[in-house]
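For reference, the structure discussed in these notes is given below.
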Amino acid sequence: MAETTNEAQSVTQSLDMIGPQSMAMTIQKGGKKIERVVASIPEDQIDEGYVELDERLAPLASELELMKNRCIEQAEEMVELRRRLQEQETKAAEVPLLRQSVAAARSDWQVAVQERTQATAVLSRERAENARLQQAVQTQVAGVRAKEEEVEKLQGKLTRRDKRLALLEKKLKVLTRTMKHPRTAPAEDPDDSLQIENSVEIVRKSNDWIDKRLGGGDEFVVVDTFRDVVTSFMPHDDQPEEPKPRSKWLPITLPKNRRTRSFCVRHPDVPLASTNADLPSTSYASPKDWDDDDNWGVPPTKLDPNDKFNPALHTVRAFGIATAIVGTLAFGGIWGLREYLGVDNMDDLSAEFRLGVMNRMPNLAEKMRNALQFGSSSEEPDPAAGGDERSPWTWDEAQDRLAAAYDKGGIEAWANVAAQEVADEAKLEMKRREELQKR
Numbered sequence: 001m002a003e004t005t006n007e008a009q010s011v012t013q014s015l016d017m018i019g020p021q022s023m024a025m026t027i028q029k030g031g032k033k034i035e036r037v038v039a040s041i042p043e044d045q046i047d048e049g050y051v052e053l054d055e056r057l058a059p060l061a062s063e064l065e066l067m068k069n070r071c072i073e074q075a076e077e078m079v080e081l082r083r084r085l086q087e088q089e090t091k092a093a094e095v096p097l098l099r100q101s102v103a104a105a106r107s108d109w110q111v112a113v114q115e116r117t118q119a120t121a122v123l124s125r126e127r128a129e130n131a132r133l134q135q136a137v138q139t140q141v142a143g144v145r146a147k148e149e150e151v152e153k154l155q156g157k158l159t160r161r162d163k164r165l166a167l168l169e170k171k172l173k174v175l176t177r178t179m180k181h182p183r184t185a186p187a188e189d190p191d192d193s194l195q196i197e198n199s200v201e202i203v204r205k206s207n208d209w210i211d212k213r214l215g216g217g218d219e220f221v222v223v224d225t226f227r228d229v230v231t232s233f234m235p236h237d238d239q240p241e242e243p244k245p246r247s248k249w250l251p252i253t254l255p256k257n258r259r260t261r262s263f264c265v266r267h268p269d270v271p272l273a274s275t276n277a278d279l280p281s282t283s284y285a286s287p288k289d290w291d292d293d294d295n296w297g298v299p300p301t302k303l304d305p306n307d308k309f310n311p312a313l314h315t316v317r318a319f320g321i322a323t324a325i326v327g328t329l330a331f332g333g334i335w336g337l338r339e340y341l342g343v344d345n346m347d348d349l350s351a352e353f354r355l356g357v358m359n360r361m362p363n364l365a366e367k368m369r370n371a372l373q374f375g376s377s378s379e380e381p382d383p384a385a386g387g388d389e390r391s392p393w394t395w396d397e398a399q400d401r402l403a404a405a406y407d408k409g410g411i412e413a414w415a416n417v418a419a420q421e422v423a424d425e426a427k428l429e430m431k432r433r434e435e436l437q438k439r
């Protein structure tokens, strides 16, 4: 009995040593030992051993179940971690592509910044150029206005000069008639009746309106220009004048645009032979001969070698400004006409004009419709003629009818008959054309 007890205790101790890390062979051996011990141990002790074994194995079973559950959870976590790992690997593969995209976007952004900087610089230059052009246009406009004012002044001077020249021409005609038919006076000098070749002798009469104080008596007047011709025959006040030096001859110098025969007159104190030998030249060689009181003949100034004036550039600029002004005015006029009439295209404009003609000029519209119907209505009889054929239209009869209408009803009746005559003439012309086409 003692041996059985010892053996049972050794088996029990062996069973105590069984744990989660025990091998299966050890457990099998333990079972065989238990069977051998059970055969020699009473049932009461066996039941107690089973109870103790159950009590000892129950926590192990529960722990085993917990371990299984933990293993399942860990397996699920491993699957989830593997899935996450795959996602991370996929994202890691996308990182280089994203880096390339970021680099490309950064380069595009830098290019856009450079283009924006260049566009800003170009815009600044364009604004400066526009400001300069506007200033240049304003300067050109001011210059054009100044030139227009100067042209107006010159036109006024030209008008006054033309009037003065016309007046001088009239006075010259009067003087010419006076010279052709001079008043007879007793000649004190036998040479006074002689005429000098290519000269005109103007006889001065003290009792005539052609009077000039040169020392008294009848004497020849020496003139230089048109103004001297006129002033020499105009009445003066009785105030004394300073004596003027007398010369043998003084040429008459005329304006450039007048072809008048020059002449000179002899002073009574100078012999005839000496005067014929010393006839002065009548050319315009002297620069003073071209001068007048209004600065009509201005000598040309010398060119400055440092002058950078470019006629071609100024001409192109003037033409450009004129083209811009004309284009702006044309565009503004067309746009204003469109806004005023309320039209958008040529069809609307033609419809607007047709309606305007029909509403405001019904007579003209009716004549236009009749003119379009000449071909169809030319062969129909005239109801006003009562079915009788009218005589062919002639111009003489039309003039008679127009005169009779004017005598009866005035201008209104004449206008109505004239319109009818025009229509009849058009019908006759249409018939002639149809006959020519039939041939």
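Just so you know, we're using full-length UniProt numbering here: the sequence shown kicks off at 1 and counts up by one. The C-beta atom is built at its ideal place from N, Cα and C for all residues, glycine as well.
Which class does residue i belong to by DSSP, given the choice of helix, strand or coil?
| i | result |
| --- | --- |
| VAL151 | helix |
| THR394 | coil |
| GLY342 | coil |
| MET358 | helix |
| LYS302 | coil |
| PRO251 | Residue placement at PRO251 is poorly supported in this model, since its pLDDT is 44, which falls under 50; the coordinates still yield a value, given next. Here PRO251 sits in coil by DSSP. |
| ASP162 | helix |
| ASP307 | coil |
| ARG439 | coil |
| GLU421 | helix |
| LEU167 | helix |
Taking the alpha carbon of residue i as the reference point, which residue from the options has its own alpha carbon closest?
| i | options | result |
| --- | --- | --- |
| LEU53 | GLY342, GLU366, ILE34, LYS157 | ILE34 |
| GLY320 | VAL113, VAL141, ILE72, ARG106 | VAL141 |
| THR394 | LYS367, LYS427, LEU364, ALA365 | LYS427 |
| residue 450 | ASN69, LEU349, ARG338, ILE325 | Residue numbering for the chain in the displayed model covers 1 to 439; residue 450 lies beyond these limits and cannot be assessed. |
From the beta carbon of residue i, is the nearest beta carbon of chain D less than 8 angstroms away?
| i | result |
| --- | --- |
| GLU115 | Here there is only one protein chain, and chain D is not present. |
query = Taking three-plus beta-carbon pairs below 8 angstroms as touching, is the region 402 to 409 in contact with the region 417 to 424?
reply = yes
request  = Please go through the region 43 to 123 and give each complete alpha helix (DSSP H) segment of 4 or more residues, from N-terminal end onward.
outcome  = none
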